[in-house]
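>
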Amino acid sequence: TYPITRKRYVIEHEDNLIFDVLSQLLALAIHDDIFEATIQDVSHIYTVPIPDHRKGIQLKIKREKLDVSVFREPEHTPEGYRTSDSRPLKSKTWSRYVKRIGVRSGQERNLTQKVFRRGAINAINSKTTFGTAHSLWLT
(Lines of atoms letter the chains of each structure in order from A and count residues from 1; the text may use other names and numbers.)
(Lines give C-alpha, C1' and ligand atoms only; values in the text may rest on other atoms or scores of the structure.)
Protein backbone atom coordinates (compact mmCIF):
# COMPACT_ATOMS: atom_id res chain seq x y z
CA THR A 1 0.00 0.00 0.00
CA TYR A 2 1.03 3.58 -0.60
CA PRO A 3 1.06 6.21 2.12
CA ILE A 4 -1.74 8.76 2.00
CA THR A 5 -0.46 12.08 0.72
CA ARG A 6 -2.21 15.34 1.34
CA LYS A 7 -2.14 18.33 -0.94
CA ARG A 8 -1.84 21.77 0.53
CA TYR A 9 -2.73 24.82 -1.51
CA VAL A 10 -1.77 28.31 -0.46
CA ILE A 11 -3.48 31.26 -2.11
CA GLU A 12 -3.15 34.74 -0.70
CA HIS A 13 -5.78 37.46 -0.67
CA GLU A 14 -5.43 40.19 -3.32
CA ASP A 15 -6.91 43.62 -2.58
CA ASN A 16 -7.86 44.21 -6.24
CA LEU A 17 -10.98 42.00 -6.45
CA ILE A 18 -10.68 41.31 -10.17
CA PHE A 19 -7.38 39.51 -9.49
CA ASP A 20 -8.46 37.90 -6.21
CA VAL A 21 -8.47 34.22 -7.19
CA LEU A 22 -9.07 33.22 -3.57
CA SER A 23 -12.41 35.06 -3.36
CA GLN A 24 -13.52 33.66 -6.71
CA LEU A 25 -12.70 30.06 -5.74
CA LEU A 26 -14.23 30.43 -2.29
CA ALA A 27 -17.43 31.84 -3.78
CA LEU A 28 -17.68 28.79 -6.08
CA ALA A 29 -16.99 26.46 -3.15
CA ILE A 30 -19.59 28.12 -0.94
CA HIS A 31 -22.16 27.96 -3.73
CA ASP A 32 -21.44 24.22 -4.12
CA ASP A 33 -21.66 23.74 -0.31
CA ILE A 34 -18.35 21.83 -0.14
CA PHE A 35 -17.17 22.84 3.33
CA GLU A 36 -17.81 20.84 6.50
CA ALA A 37 -18.29 24.09 8.42
CA THR A 38 -21.35 26.25 7.79
CA ILE A 39 -19.97 29.13 5.77
CA GLN A 40 -22.50 31.49 4.24
CA ASP A 41 -20.22 34.11 2.72
CA VAL A 42 -16.60 34.74 1.76
CA SER A 43 -16.46 37.46 4.43
CA HIS A 44 -16.95 34.75 7.09
CA ILE A 45 -13.61 33.26 6.02
CA TYR A 46 -11.78 36.59 5.86
CA THR A 47 -12.92 37.64 9.33
CA VAL A 48 -11.96 34.43 11.17
CA PRO A 49 -9.26 35.28 13.72
CA ILE A 50 -6.03 33.38 12.99
CA PRO A 51 -3.88 32.60 16.04
CA ASP A 52 -0.37 34.04 15.96
CA HIS A 53 1.24 30.59 15.89
CA ARG A 54 -0.64 29.63 12.67
CA LYS A 55 -0.08 30.81 9.12
CA GLY A 56 -3.69 30.40 8.03
CA ILE A 57 -6.90 28.45 8.52
CA GLN A 58 -7.75 24.96 7.36
CA LEU A 59 -11.06 24.48 5.60
CA LYS A 60 -12.28 20.90 5.64
CA ILE A 61 -14.10 19.66 2.56
CA LYS A 62 -16.96 17.18 2.68
CA ARG A 63 -15.81 13.74 1.55
CA GLU A 64 -18.60 13.42 -1.05
CA LYS A 65 -17.47 16.69 -2.68
CA LEU A 66 -13.80 15.73 -3.17
CA ASP A 67 -14.31 14.40 -6.71
CA VAL A 68 -16.55 17.23 -7.91
CA SER A 69 -14.82 19.43 -10.50
CA VAL A 70 -14.52 23.11 -9.67
CA PHE A 71 -15.23 24.17 -13.25
CA ARG A 72 -18.10 22.34 -14.92
CA GLU A 73 -19.90 22.26 -18.25
CA PRO A 74 -23.04 24.30 -18.86
CA GLU A 75 -26.17 22.28 -19.52
CA HIS A 76 -29.52 23.17 -21.00
CA THR A 77 -32.59 22.54 -18.86
CA PRO A 78 -36.26 23.46 -19.34
CA GLU A 79 -35.60 26.53 -17.16
CA GLY A 80 -32.58 27.62 -19.23
CA TYR A 81 -28.84 27.11 -18.91
CA ARG A 82 -27.20 26.12 -15.64
CA THR A 83 -23.91 24.66 -14.47
CA SER A 84 -23.76 20.87 -14.51
CA ASP A 85 -23.55 19.15 -11.15
CA SER A 86 -21.06 16.56 -12.39
CA ARG A 87 -19.67 17.09 -15.91
CA PRO A 88 -16.21 18.72 -15.86
CA LEU A 89 -15.60 21.74 -18.09
CA LYS A 90 -14.10 20.65 -21.40
CA SER A 91 -11.08 22.38 -22.88
CA LYS A 92 -13.09 23.14 -26.02
CA THR A 93 -15.79 24.93 -24.00
CA TRP A 94 -13.19 26.94 -22.05
CA SER A 95 -11.43 27.98 -25.29
CA ARG A 96 -14.73 29.09 -26.81
CA TYR A 97 -15.54 31.21 -23.72
CA VAL A 98 -12.09 32.82 -23.71
CA LYS A 99 -12.36 33.62 -27.43
CA ARG A 100 -15.79 35.22 -26.88
CA ILE A 101 -14.40 37.35 -24.05
CA GLY A 102 -11.67 38.56 -26.41
CA VAL A 103 -14.15 39.43 -29.15
CA ARG A 104 -16.53 41.22 -26.77
CA SER A 105 -13.70 43.19 -25.16
CA GLY A 106 -12.48 44.37 -28.57
CA GLN A 107 -9.21 42.44 -28.76
CA GLU A 108 -7.53 42.62 -32.15
CA ARG A 109 -6.18 39.07 -31.85
CA ASN A 110 -7.75 35.95 -30.41
CA LEU A 111 -7.63 35.83 -26.65
CA THR A 112 -6.20 32.42 -25.74
CA GLN A 113 -5.06 30.43 -22.74
CA LYS A 114 -1.48 31.24 -23.78
CA VAL A 115 -2.09 34.95 -23.13
CA PHE A 116 -3.27 34.20 -19.59
CA ARG A 117 -0.40 31.78 -18.97
CA ARG A 118 2.23 34.22 -20.26
CA GLY A 119 0.79 37.09 -18.20
CA ALA A 120 0.64 34.93 -15.06
CA ILE A 121 4.21 33.70 -15.48
CA ASN A 122 5.47 37.25 -16.00
CA ALA A 123 3.59 38.43 -12.93
CA ILE A 124 4.95 35.56 -10.83
CA ASN A 125 8.46 36.35 -11.99
CA SER A 126 7.81 40.05 -11.26
CA LYS A 127 8.92 40.93 -14.77
CA THR A 128 5.87 42.98 -15.53
CA THR A 129 3.54 45.55 -14.06
CA PHE A 130 -0.20 45.67 -14.48
CA GLY A 131 0.15 48.18 -17.33
CA THR A 132 2.61 45.95 -19.16
CA ALA A 133 0.44 42.88 -18.60
CA HIS A 134 -2.56 44.80 -19.94
CA SER A 135 -0.63 45.77 -23.05
CA LEU A 136 0.33 42.11 -23.59
CA TRP A 137 -3.36 41.30 -23.85
CA LEU A 138 -3.79 43.99 -26.48
CA THR A 139 -0.97 42.75 -28.71
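Per our numbering, numbering of the sequence shown is gapless, rising by one per residue and ending at 153.
From the three backbone atoms N, C-alpha and C, an ideal C-beta is built for every residue, glycine too.
Remember, predicted model here, so these are calculated numbers, not experimental data.
(1) On a Cα-Cα basis, can you pick out the residue from P17, K74, T107 and D99 that is closest to T52?
(2) Return the first residue and the last residue of the alpha helix (DSSP H) that T107 is part of.
(3) Using the three-state DSSP reduction, which class does H58 fall into: helix, strand or coil?
(4) Output the boundary residues of the alpha helix (DSSP H) element that contains H45.
(5) DSSP beta-bridge partners for H90?
(6) From A41 to D34, what does the alpha carbon distance come to, in whole angstroms?
(7) Taking the alpha-carbon of K76 as reference, which of D46, E89, G116 and V112 has the nearest alpha-carbon?
This is what the structure gives:
(1) K74
(2) S105 to R118
(3) In the structure shown, H58 sits in a helix (DSSP, three-state: H, G or I).
(4) From DSSP, the alpha helix (DSSP H) with H45 extends over V35 to H45.
(5) Y95
(6) 11 Å
(7) Comparing Cα-Cα distances from K76 to each of D46, E89, G116 and V112, the minimum goes to D46.
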